[in-house]
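K.L.:
Throughout, this note's numbering is defined as the position within the sequence shown, counted from one, plus 544. Each residue gets a CB set at the ideal place from its N, CA and C atoms; glycine is no exception. Okay, handing you the structure first.
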Amino acid sequence: MKTRIGMVVGGALLLGSGAAVLALRGPSEAPRETPEVGGAPSAAQAAAPLQASRVACRFEPGQTLSYAAGLEAELHHETPGLNLPAHAKADLTGRLELEVLSSTEEAATLVAKVTLAPKATQSFFDVKAFRAPFLVTIDRACQLQAFARWKPAAEQVARTQQALLWDAQFRLGVRELGVKDSSGIAAATQASKGDLLQRSLDGYRSTWPGEPADLKVEGRMTVDLGPGPWFESLDSSRAQLATKLSNRSRLLLKRDAAEVAFAPAERDQGNYVWGDLLTRQPKLELVARPFTRFDRERQERVAPLTLPQALDAFVAKQSAGGGTMDKWPDLSAYFEVHPDAIKPAYSKYLKGELPPSSAGDFFLALGKTRNDEARELLLAIKRDDGAVMMDQVRAMFALVTRTDVGPGLAQELAADVHRHVARGNHDSDFLAGESMLALSTMSGLRNDTDVAHTTREALTSVLSSQGETTHPTHVALHAIGNTGDLTLLPVADRFLASADIDTRKAAVHVFSRMPPAATDATEVELLKRETSPFVKKEMYRVFQQQHVDMQQGASKELVDQTLSELRSTKSAYTRRNMVFLIAQSAVKDEPETRKALVEHARWERAKGTQVLNQFGTILTREERLEVFR
């Protein structure tokens, strides 16, 4: 019997408590000569990245591509809760088909589908559900930029599709590549030689709670670019190992001349929903760090070290696993004692002498270092348009959480927003969005009227100058939520009433960090008028998280509205958030609310849904007994 699971062939096995990766492994082929990128890149590579002979991906509307696909996966684990056998394999063959729907100077939108079948015996992987079509955009650097799922397809299936395709992620013309993956942001380096390009996967910057502390990730992908428009062949393998987990994989794609055909409905972009199903972002918060005796003792301990010794100790902490708070403090203390070591340390980072997986903690250490030298370096990186984009973003967020920056940085970030939006290409839209998020985070973390004013002006300018469905508009709506600024809510009204579902979903995020006492009545009215289950799903997710983050329970009116919709809501995920919203409400202990929770728990039990599990920490022992009578 086939089991429907959150399996990502060639990507990750998505778990509720974390991420373990199910890998692929395929038939051996005669290797071609490839550029070696294992280990640290040379100074020449860092200064002048090798360029592939092809410099751009160019697609024409109506153009088709067909790839023969080979997938094989093997999983061994001793981890409870996976709902998988301790040993599992998948041996699949099939085809990836694409057709170009539209094309601009910057990117193209393609419709695609993957048809897979077991080579021999029946597979536990649900290949039938996996055949649903989907949309992707590919930019001129050949990089996959966006994903849209087929509306009738389950989100779990679409996540698997996106993760499989994202395993074929590469970019022309750069040495270092941040690869989006279903367990976070994967750290990778890249090199090229003629038409051959090779990516080396060195680990993940963990953003998931519950990942195995000793998880090791490595992999290599070789791409033959060929004449285009995308690539000729691709061979991607990876291994992910932990004490009780072993996943190995290989994905093979090779261009062929097979005929490609899509039905008219499959070409209709109105039948798809855009959205990234893979990434997770860590929360940021401003922490004022007084100098304590523990800081003094730490500085005394690291002061005798040389820079190589301090960096070796930092790398060792990365390898040892553990939480983020275990990884950066010693390096930050070293930079405080030896400010002259900051620039040489960054130079070593640029040369690849630190593991890619340490990038986030390296920038966090700079952000927490209490001296001018660290701040000035971060400012220089942020201002350098030639720097790796992700490093510019890391510098932005490291800066906004510092206590020695103020309105000047906010004004600079606002200027960055306008500068990047005006350019109107994909990379600039990305940097504009990250600048908005950094600026709004800064505004939300500190009580500064000048910063708040600068943020309001920047966000309202973007929302008044951009179309409703554009990326900058959607990010600006998310950014309003970061600020917690009630005066910005009226700006979002027209987007909350937009005819575009994705725009309404983005607009809901304006409530993320708003005071619930001031917004509950508005949220009730929005729920009453909203007809799309997809928008309501996002509403209840945001509202539930808002009340948790702001530590304020939902009002009786919001609870009553939620109860009125609870049993008519088909999505179990949405019902779970609705139950949490009720359970965290201001009226959670009132008899009527307790009775409603018990009655709904009985209903979930009668339906045999997993939502029942959420009541374990919500109901008292007596209430649980009543549910099971």
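1) Could you work out which residue in L795, P771, V1054 and H970 is closest to L684 when comparing CA atoms only?
2) Pull up the DSSP beta-bridge partners for S979, would you.
3) Output yes or no for whether 9 angstroms exceeds the beta carbon distance between A854 and Y878.
4) Does the Cβ-Cβ distance between F691 and A702 come in under 9 angstroms?
5) Under 9 angstroms, do L716 and R743 count as touching if we go by C-beta distance?
6) So, with DSSP's three-state summary, where would you put S1008?
7) Give me whichever residues DSSP pairs with D768 in a beta bridge.
8) Might you give, ordered along the chain, the residues of its own chain that have their beta carbon closer than 7 angstroms to the beta carbon of D1064, omitting 5 neighbours on each side?
9) Could you check the C-alpha separation between K871 and A918 for me, to the nearest Å?
10) Taking 9 angstroms as the cut-off, decide whether the C-beta atoms of A632 and A617 are in contact.
11) Taking Cβ to Cβ, would you say T1004 is nearer than 9 angstroms to A958?
12) As a quick exercise: from K1151, E762 and F678, pick the residue whose alpha carbon is nearest that of L785.
13) Can you tell me which residues form a DSSP beta bridge with E1069?
14) Can you have a look at D948 and say buried or exposed, based on whether 16 or more other CB atoms are within 10 angstroms of its CB?
15) Please classify S793 as buried or exposed, where buried requires at least 16 neighbouring CB atoms within 10 angstroms.
16) Compute the Euclidean distance between the alpha carbons of N1157 and S1112, then round it to the nearest angstrom.
17) What residue does the alpha helix (DSSP H) around S891 start on, and which one ends it?
18) At the level of alpha carbons, what is the spacing between E577 and K672?
19) Given 8 angstroms as the limit, is there contact between the segment 649 to 661 and the segment 803 to 814, that is, 3 or more CB pairs closer than that?
20) As a quick exercise: from Q1105, L1032 and C686, pick the residue whose alpha carbon is nearest that of E649.
21) Measure from the alpha carbon of L908 to the alpha carbon of each residue in T1164, A931, V937 and V995, then state which is nearest.
22) Report the partner residues of W818 according to the DSSP bridge assignment.
23) Below 8 angstroms CB to CB, which residues in the same chain sit around R1149 once its five sequence neighbours on both sides are set aside?
24) Starting from A634 and walking both ways along the beta strand (DSSP E), at which residues does that stretch end?
25) Quick check: what's the CA-CA separation for G950 versus L1040?
26) Taking the beta carbon of V767 as the centre, do at least 16 other beta carbons fall within 10 Å, making it buried, or is it exposed?
27) Quick one, which of T1031, V1052 and E1143 has its alpha-carbon nearest R1085's?
28) Quick check on R1085: does DSSP put it in helix, strand or coil?
29) Are the beta-carbon atoms of R598 and D739 separated by less than 9 angstroms?
30) Under the DSSP definition of a beta bridge, which residues are partnered with D800?
31) Tell me whether F879 sits in a helix, a strand or coil according to DSSP, three-state version.
32) Our contact map puts V644 next to E604 with C-beta atoms below 8 angstroms; I'd like the distance itself, whole angstroms only.
33) For H620, which residues does DSSP report across the bridge?
34) Please name the residue or residues paired with P662 in a DSSP beta bridge.
35) Counting only the same chain and skipping the five closest in sequence on each side, list residues whose C-beta sits under 7 angstroms from that of S777.
P.N.:
Well, looking at it:
1) The residue you call residue 684 lines up with position 140 of the sequence shown. Position check: residue 684 holds Arg in this sequence, whereas Leu was assumed. Cα-wise, what sits closest to R684 is H970.
2) Within the sequence shown, the letter at position 435 stands for residue 979. None; S979 has no bridge partner.
3) Along the sequence shown, read from residue 1 onward, the residue named residue 854 stands at position 310. Along the sequence shown, read from residue 1 onward, the residue named residue 878 stands at position 334. A contact, by the Cβ cut-off of 9 angstroms.
4) The count along the sequence shown starts at 1 and reaches residue 691 at position 147. The count along the sequence shown starts at 1 and reaches residue 702 at position 158. Closer than 9 angstroms, so yes.
5) Here residue 716 refers to the residue found at position 172 of the sequence shown. Here residue 743 refers to the residue found at position 199 of the sequence shown. Their beta carbons are not under 9 angstroms apart, which means L716 does not touch R743 by this criterion.
6) Within the sequence shown, residue 1008 is the residue found at index 464, counting from 1. Looking at S1008 - three-state DSSP - the assignment turns out to be helix.
7) Locating residue 768 in the sequence shown gives position 224, where the first residue counts as 1. Answer is L740 and S777, bridged to D768.
8) Against the sequence shown, residue 1064 aligns to sequence position 520. Around D1064: A1098, S1099, E1101 and L1102.
9) Taking the first residue of the sequence shown as 1, we reach residue 871 at position 327. Taking the first residue of the sequence shown as 1, we reach residue 918 at position 374. Spanning the two alpha carbons is a distance of roughly 18 angstroms.
10) Along the sequence shown, one-based indexing puts residue 632 at 88. Along the sequence shown, one-based indexing puts residue 617 at 73. In contact: A632 and A617 (Cβ atoms closer than 9 angstroms).
11) Taking the sequence shown and counting its residues from 1, one reaches residue 1004 at position 460. Taking the sequence shown and counting its residues from 1, one reaches residue 958 at position 414. No, they are not a contact pair.
12) By one-based count along the sequence shown, residue 785 stands at place 241. Of the listed residues, the one whose Cα sits closest to L785 is E762.
13) Working through the sequence shown from its first residue, we reach residue 1069 at position 525. The partner list for E1069 (beta bridge, DSSP) is empty, contrary to what the question assumes.
14) Here residue 948 corresponds to residue number 404 of the sequence shown, with the count starting at 1. With fewer than 16 other Cβ atoms within 10 Å, it is exposed.
15) By 1-based counting over the sequence shown, the position of residue 793 is 249. Buried, since its Cβ has 16 or more Cβ neighbours within 10 Å.
16) Here residue 1157 refers to the residue found at position 613 of the sequence shown. Here residue 1112 refers to the residue found at position 568 of the sequence shown. Cα atoms of N1157 and S1112: separation of roughly 19 angstroms, rounded to the nearest angstrom.
17) As a first step, residue 891 must be located in the sequence shown, where it is residue number 347. I886 to L894 is the span of the alpha helix (DSSP H), which, as asked, contains S891.
18) Taking the sequence shown and counting its residues from 1, the one referred to as residue 577 is at position 33. Taking the sequence shown and counting its residues from 1, the one referred to as residue 672 is at position 128. Caution is warranted here: a pLDDT of 42 is assigned to E577, below 50, making its placement in the model unreliable, and no coordinate value can be reported.
19) yes
20) Taking the sequence shown and counting its residues from 1, one reaches residue 649 at position 105. The shortest C-alpha separation from E649 is found at C686.
21) Along the sequence shown, read from residue 1 onward, the residue named residue 908 stands at position 364. Nearest in C-alpha terms to L908, of all of T1164, A931, V937 and V995, is V937.
22) For the purposes of this step, residue 818 is taken as the residue at position 274 of the sequence shown. For W818, which the question treats as bridged, DSSP gives the partners A692.
23) Taking the sequence shown and counting its residues from 1, one reaches residue 1149 at position 605. Cβ neighbours of R1149 beyond the five flanking positions: L1156, V1171 and F1172.
24) Taking the first residue of the sequence shown as 1, we reach residue 634 at position 90. H631 to S647 is the span of the beta strand (DSSP E), which, as asked, contains A634.
25) Residue mapping note: residue 950 aligns to position 406 of the sequence shown, counting from 1. Residue mapping note: residue 1040 aligns to position 496 of the sequence shown, counting from 1. Cα to Cα, G950 sits roughly 32 angstroms from L1040.
26) Your numbering for residue 767 matches position 223 in the sequence shown. So V767 counts as buried.
27) Taking the first residue of the sequence shown as position 1, residue 1085 is located at position 541. Minimum Cα distance to R1085 is reached at V1052.
28) For the purposes of this step, residue 1085 is taken as the residue at position 541 of the sequence shown. Reduced to three states, the DSSP call for R1085 is helix.
29) Position 54 of the sequence shown, counted from the first residue, corresponds to residue 598. Position 195 of the sequence shown, counted from the first residue, corresponds to residue 739. It is a contact, given that the beta carbons lie within the stated cut-off.
30) Looking up residue 800 in the sequence shown gives position 256. Note: D800 sits in a beta bridge opposite S610.
31) Taking the sequence shown and counting its residues from 1, one reaches residue 879 at position 335. Three-state result, F879: helix.
32) Walking along the sequence shown from the start, residue 644 turns up at place 100. Walking along the sequence shown from the start, residue 604 turns up at place 60. At roughly 6 angstroms, the Cβ-Cβ gap stays under 8 angstroms, so V644 and E604 are in contact.
33) As a working mapping, residue 620 is identified with position 76 in the sequence shown. According to DSSP, H620 bridges with S790.
34) The count along the sequence shown starts at 1 and reaches residue 662 at position 118. Answer by DSSP bridge pairing, in chain order: L636.
35) Along the sequence shown, one-based indexing puts residue 777 at 233. D768, L797, K798 and R799.
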